Amino acid sequence: MVISPRPDCRWIVKQHDPELATRIGNEHGLPPLVSRLLVNRGIVDSGAIEAFLNPSLDNLHDPKLLPDYDEAVKQILSARELGHKIFIHGDYDVDGVTSTALFSRFLSKIGCDIISHVPHRMKEGYGIHISVVDRAHEQGAKLFLTCDCGASAIEQIIRAKELGMNVVVTDHHLLKENLPPADAIVNPHRSDSIYPYPNLSGVGVVFKLCAGITAELGHSLDHYYRAYLDLATLGTVADIMPLTGENRIIVANGLERVQLSQKPGLRALISKINLKGKLTTRNIGFNLGPRLNAAGRIDDAALSLKLMLATEDDVAMEIADQLEALNNERRSEQERVVAEAMEMVGASEDFDLPLVILAKEGWHEGLVGLMAGNLVKEYYRPAFVARIMDGEAKGSARSIPGFHLADALNRVGHLLNSHGGHELAAGFSMDIENFDEFKRLLLEDAAKVLSPELLVRTLTIDAETTIRETNLDSLAQLARLEPYGQANPEPLFLARGVKLSHTMPMKDPSHVRAVFSDGRKNIVTGVGFGIAPLFEGISPGDTVSVVFTTEIDTYGGKESAKWMIKDVMKES
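With this note's numbering, the residue at position 279 of the sequence shown is 364, and numbering never jumps.
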C-alpha cells in the first residue's frame, strides 16, 4: 500500500499474510507484532525462525568450506614452523584495520613472526601498492598475506611471486574474471566456492580462517571466540555488511564482547563516546567507526591499527586522543565542503536533474564519499563527487534504490582509469578531460532507469500497529530481532487514527516531543529530531497518522514505551 503524505515523500506499507503470522506467533510464543515482522521479512520457516531469534556460535559454518582453505592454512602454518616472516597487508578502513589487527594478534599469539601494514590513502591509494610488495621482500618476508584486499591485485601478486614470496589472499570483494596467481585466494565470492554464506566482511573471512587454524592446532574455540569476536563485530558493522546469516551470529554474540573487551585500544576508543547502557550497532556505525576511520580518511590509518594493537592503557589513551582530534577535524572539514557542494548544486542549472555530479579542486580525497552520502540524504538523488588533482578526477558515488552504481560505471568504463563498487556505493577515477562526457552519459543512463517515482523519498513501513500493541512486553520481544543493520533494519511502524494530545517544548526548537492518545486509556510519548516543520498545521486534538520506531525509555529509572517519530500526517 502506498500513501503520499506530501509531494516529496511516500510511505509504502508492507502487507502480510495474517493467517501465517498468527500460526507463527502461536508456534513460537511470539506477540502478533513480532510475528508480523517475521512474515514481512520472509522469515517463516520454523528452523529459520529459531536460527534468527537465537543466533548461536554453534551455527557458524565449517571454515574448511572456504575456498583454498587447506592451502591457506598450509602456507601460514608452514611459515610458522620454518620461522619465516609473514607480511600482513590490510586496508585503510575499519574493516581493513580490524582484519589486520585480528591476523596480527592471532598469528603472533600462535608464534608467527609478523609485520603489519595498512596503506596510506594519499600516498599509496586503495589496495596494494607495488612499492609495498618490494618493501615486504626487503624486510625479509617469505609469505605475503592480504586481508580485505588483494582479489584484483594481479600485477602486485605477480611481483611478489617474482621476488620469491608465497602469497595468500583473504578478501570479500566481488571478483573479476581473472584471478591473481596467488597460492591461495580465500574469498567466499569465488565462482567455485561452496561456502554457504558469501556475505562475510573482510574481517569475517579472517575470523573464520583463524577459527579453522585454532581447531587445526587443537586449541579452544570458545577461548578464540572470546578473544576475537570484538574485532570481527567492529569491522562487520562498520563495513555495513548485511546482518543476516553468519554476520548476524557474529554481531549478536560480539556486541557484548566489544563492550567488555580487554583490549586497551577498544577500551580507550569506547571511553570517547560517553556510552550509556548497552553498546549497539548504532554506536559502532555512528560513534566508534567514524573515529577509527578518521585516520584513514585524512591522515594515516596506521594510527588506527596501532590503537587496535596497543597493549598498554596509557599508550592506547594517547592514540585515542589523537583519533578524537582527527575525527573532529574531519567533521569540521566535512561540514565545510558539504556546504560548498550544496551551494554548487543550488547555483547550477542541473538542480532538477536525476543525478548530482560534482568535481572540484581542493576537496579532500578521503571526504568525497562522505560528501556524496550527504548529498544523497539532502536531495534524494544518486551523487558522484570527485576531487580534481594533477589532471585526474578521483571520486566516490552513493546511490538510492533503483540506480545500480557498479552497473552504471561499467557502462561508462571506457572513460575511466579505474572503477569498482556495489549497488549503492562505488569509486571511480578518470582523466579530467573525460569528465563532461562521463556526466552526459550518466545522465542519459539515469533518464532511462530513474522514474519520477523513484526520486521521491520513500519510507518502507514494516507493519501497522497501535499504541496498545506497542507495549513494554511487545517491545521486549521485539528486541529479539536485534541487532539491526543492513538487510535487517530497525522496524518502522505506522499508527493511524491517533490523536495528538499535546506537544512539549524541547531545548532545540527543531525537535518535537509529543503525546498521542488512542481516544481510550492508552497514551504514548513520541520524540522526533529535526522534524518540527512536519508538525506545522497540526494542533492538539487533531487526528494523525504517525510513522515511528520504538524504544524502551528508562528515564528516571522507570521503563515505558516510547515512539521515535520519523514522519507524521494530519488525517482529513
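Virtual Cβ for every residue (Gly too), placed ideally from N, Cα, C.
Only a predicted model underlies this, so the values are computations on that prediction, with no experimental measurement involved.
A distance below 8 Å separates the beta carbons of residue 395 and residue 401. Here residue 517 is actually not in contact with residue 449; their C-beta atoms are around 17 Å apart, not less than 8 Å.
Cβ-Cβ distances below 7 Å link residue 543 to 95, 97 in the same chain, with the five nearest sequence neighbours on each side left out; the list follows chain order. Bounds of any beta strand (DSSP E) do not take in residue 216; it lies within the alpha helix (DSSP H) bounded by 215 to 223. DSSP, reduced to helix, strand and coil, places residue 141 outside both helices and strands of the structure shown, so it counts as coil.
Judged by DSSP in its simplified three-state form, residue 504 adopts strand. Residue 255 counts as buried, since at least 16 other C-beta atoms from the protein chains shown sit within 10 angstroms of its C-beta.
Proximity of the stretch 500 to 517 to the stretch 545 to 552 falls short of the contact definition, fewer than three beta-carbon pairs being nearer than 8 Å.
The three-state reading of DSSP puts residue 197 in coil, since its state is none of H, G, I, E or B. Under the three-state reduction of DSSP output, residue 652 falls in the strand class. DSSP lists 482, 506 as the beta-bridge partner residues of residue 511. Here residue 388 has 380, 404, 407, 408 as same chain residues with Cβ atoms under 7 Å from its own Cβ, once five neighbours each way along the sequence are excluded. In the three-state reduction of the DSSP assignment, residue 90 falls in the strand class. Within 10 angstroms of the beta-carbon of residue 208 lie fewer than 16 other beta-carbons, which makes it exposed. Within the stretch 226 to 291, the complete beta strand (DSSP E) runs of at least 3 residues fall at 226 to 232, 251 to 255, 269 to 271. Where residue 444 is concerned, the enclosing beta strand (DSSP E) starts and stops at 441 to 446.
By the beta-carbon neighbour count (other beta carbons within 10 angstroms, threshold 16), residue 224 is exposed. Cβ contact annotation for residue 88 (same chain, cutoff 6 Å, sequence separation greater than five): 96, in chain order.
Non-local C-beta neighbours of residue 455 in its own chain, meaning closer than 6 Å and more than five positions away in sequence, comprise 419, ordered along the chain.
Contact between the stretch 318 to 338 and the stretch 138 to 146 is present: three or more C-beta pairs spanning the two stretches fall below 8 Å.
With distances taken between CA atoms, residue 376 lies nearest to 392 out of 430, 392, 291. Leaving aside the five residues that flank residue 178 on each side, the residues in its chain whose CB is nearer than 8 Å to its CB run, in chain order, 233, 323, 324, 378, 381, 386.
In this structure, the beta-carbon distance from residue 250 to residue 222 falls below 8 Å.
Collapsing the DSSP output to three states places residue 404 in a helix. With respect to residue 563, residue 639 sits apart: the two C-beta atoms are not nearer than 8 Å. Beta-carbon to beta-carbon, residue 656 and residue 629 are separated by about 6 Å, close enough to satisfy the 8 Å threshold. The alpha-carbon separation between residue 184 and residue 363 amounts to approximately 24 Å. Pairwise C-beta distances place the stretch 116 to 125 out of contact with the stretch 234 to 241, as fewer than three of them are shorter than 8 Å. In the three-state scheme derived from DSSP, where H, G and I count as helix and E and B as strand, residue 499 is classed as helix. As the crow flies, the alpha-carbon of residue 430 is around 17 Å from that of residue 447. Under the DSSP assignment, residue 159 falls in the alpha helix (DSSP H) whose first and last residues are 154 to 167.
Residue 499 counts as exposed, since fewer than 16 other C-beta atoms from the protein chains shown sit within 10 angstroms of its C-beta. If you check the CB distance, residue 172 and residue 195 do not come in under 8 Å. Spatial neighbours of residue 567 in its own chain (CB-CB distance under 7 Å, excluding positions within 5 residues in sequence) are not present.
Residue 320 is positioned such that its CB atom lies closer than 8 Å to that of residue 286. Burial check for residue 292: the Cβ neighbour count within 10 Å reaches 16 or more, so the residue is buried.
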